[in-house]
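Numbering (this note's numbering), first residue to last: 27 to 439. For every residue, glycine included, the Cβ atom is placed at its ideal position computed from N, Cα and C. Predicted model only: the values in this text are computed from it and were never measured.
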Amino acid sequence: MKKYVLAYSGGLDTSVMLKWLQLEHHVQVVTVTANLGQQKELDGVGTKALVCGAKNAYVEDLRRDFVERFVWPTFKAGALYQGVYPMATAIGRPLIAEKLVEIARSENADAIVHGCTGKGNDQVRFEVAIGALAPELECIAPLRTWDLKTREQEIAWASEHGIPVAASRKSPYSIDENLWGVSVECGVLEDPWAEPPSDCWQITTDPCLAPDKSETLTIDFEEGIPRAIDGQNMSGVELIESLNLIAGSHGVGRIDMVEDRVVGIKSREVYEAPAATVLAEARNALEQLTLDRETRRVKLLMGQELARLAYDGFWFSPLRESISSFVDQASNVVTGQVRVSLYRGTCTVLGRQAPRSLYQGALATYGEGDAFSHDSARGFIDIFGQSTRISSSVARSANPDPSAIPGKPGALV
Ligand code: ARG
């Protein structure tokens, strides 16, 4: 009998799938549930899988790995997909894929099964990652092929086959959650004009209902990674968990976007990422102080590239690894403290300091003790602007029309 490894969340789709694989594919099923810090769904998930006929049910606490190997490298790079989305869902997938492969090998399984739909990004991420790590393993995606087209049909199929479905959890949304953020889509959110209803938000307080009193925090960074809040050292998992609670209670970290999926469609999704939002503001402030201009410029570009790779499912790729090496090297100097204030949906940087700050008061001041070489400015500008003086004078001699003023479109060509 063949054996399949199923990525099992315990939700409706994968619960139905677990039974369906046994009945329709006549295979043994081993389930794998990854704990990436999602609050819901983990209770009793292993037992539930075994009750539904799984041969073995793995529930793996991957939170630390997630933070150290996926969240921090993405965060340090400043990678936000389309400038906005911190990619909690996107960077969880390669780690889950890695665990699925590991267990598939130790269980001698023939295939990996996932519960992603045929028009999302996650199928791409799982299958590209599994292809990179274990090209010999087959990937099966029942949602792309089976006849259960609606949620109602799945529920009917489930009750026909004695699968326990928590009817109370009939949320109109599709929610994916981990430590780094919550992704919410479907229901009324499918109308891009519709305001997100209050019940779609899972971990943040409505900014209008948040305390009318700001809260100030000091965050310590070491080489681009946050290590302490208000002087209290914490593990990455603890730090993100506690910052999610604090910033979430001030309504910080709500994101509403229409994004471009890999498969060529636009979708509207809302995200909640309180810790990611605060930490990004703070890290940016520290980079402004500690990175030289050229490194900042290139690092920004690298962050955009890393976002694209991670979003598209190319975490396990040579380019992603090279970019991460660059980011690690560039972040060596990003050590210091940032003070932020949280208030009704906003996070404002109040101050920053760093042992290797490149900020030179004597060069920046407009007051006493100015050390800047004002005399050199003139020669600097002379050389700096040389190329545009040349091009405009050549353009003028080619086109002596006095109405061709430089600055007017087409005047210099
Ligand atoms: N659009 C996000 C991404 O592709 C999240 C996808 C999963 N969202 C969900 N609500 N289940 O990374």
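query: Beta-carbon contacts of A123 that lie in its chain and below 6 Å, excluding the five residues immediately before and after; result: F152, A155 and I156
query: Member of T59, G371 and V77 whose CA lies at the smallest distance from the CA of D125; result: Just to set this straight, residue 125 is Lys in the shown sequence, not Asp. Ranking the options by Cα distance to K125, first place goes to T59.
query: Assigned exposure category for L327 - 16 Cβ within 10 Å defines buried; result: exposed
query: The ligand ARG heavy atom lying under 6 Å from the CB of S35; result: no
query: According to DSSP, residues forming a beta bridge with D246; result: A254 and Q363
query: Euclidean distance between Cα positions of Q64 and D225; result: 18 Å
query: G36 versus L68, L49 and N61, residue with shortest Cα-Cα distance; result: L68
query: Of the residues G250, L47 and I245, the one placed nearest G79, counting alpha carbons only; result: L47
query: Expected contact under 8 Å - CB spacing of Y116 and Y337 to nearest Å; result: Reading off the sequence, residue 116 comes out as Ala, not Tyr. The pair is a contact, with the Cβ atoms about 5 Å apart (cut-off 8 Å).
query: Cα-Cα separation between A424 and T321, rounded to whole angstroms; result: 39 Å
query: Nearest-angstrom Cβ-Cβ length linking F342 and A105, presumed shorter than 8 Å; result: Contact doesn't hold; Cβ gap of about 16 Å is too wide.
query: Inter-residue Cα distance where the pair is S194 and Q179; result: Any reading at S194 needs caution, since the residue's pLDDT is 47, under 50, leaving its predicted position unreliable; the model's value is listed next. The straight-line gap from Cα to Cα measures roughly 17 Å.
query: D452, buried or exposed, once every other Cβ within 10 Å from all chains shown has been counted against 16; result: The structure shown does not extend to residue 452, since the chain is modelled only from 27 through 439, so no value can be given for it.
query: Coarse secondary structure for G452, derived from DSSP in three states; result: For the chain, the structure presents residues 27 to 439; residue 452 sits outside this window and is missing.
query: Spatial distance of T242 from F398 (CA atoms); result: 35 Å
query: S194 in three-state terms, based on DSSP; result: Reliability fails at S194, whose pLDDT of 47 lies under 50, so the model's placement of it is uncertain and no value is given.
query: At least 3 beta-carbon pairs within less than 8 Å: the region 387 to 401 vs the region 263 to 270; result: no
query: heavy atom of the ligand ARG below 6 Å from N310 C-beta; result: no
query: Cβ neighbour criterion (16 or more within 10 Å) applied to Y34; result: buried
query: The ligand ARG heavy atom lying under 6 Å from the CB of E295; result: yes
query: Residue closest to S240, alpha-carbon to alpha-carbon, out of A273, S209 and W98; result: A273
query: The region 361 to 378 contacting the region 274 to 287, beta-carbon criterion three pairs below 8 Å; result: yes
query: The ligand ARG heavy atom lying under 6 Å from the CB of E298; result: no
query: Beta strand (DSSP E) segment containing N82, residue limits; result: N82 to D87
query: beta-carbon A302 near the ligand ARG non-hydrogen atom, thresh 6 Å; result: no
query: Ranges of the beta strand (DSSP E) found wholly within the region 265 to 352, counting only runs of at least 3; result: 280 to 286 and 292 to 298
query: Check: T115 C-beta below 6 Å from any heavy atom of the ligand ARG; result: yes
query: The ligand ARG heavy atom lying under 6 Å from the CB of D202; result: yes
query: Residue-chain proximity (R253, chain C), Cβ-Cβ < 7 Å; result: The question asks about chain C, but that chain is absent: this structure has only one protein chain.
query: Inter-residue CB distance, P112 and G207 (contact presumed, cutoff 8 Å); result: 6 Å
query: Buried versus exposed, by CB contacts within 10 Å (16 or more), T40; result: buried
query: S197 and E211 closer than 7 Å at C-beta; result: no
query: Meets three-Cβ-pair contact criterion under 8 Å: the region 392 to 412 and the region 249 to 263; result: no
query: K45: first and last residue of the uninterrupted alpha helix (DSSP H) it sits in; result: L38 to W46
query: Element boundaries [beta strand (DSSP E), containing K29]; result: K29 to A33
query: Per-residue burial, K28 [other beta carbons within 10 Å of its own, 16 or more giving buried]; result: exposed
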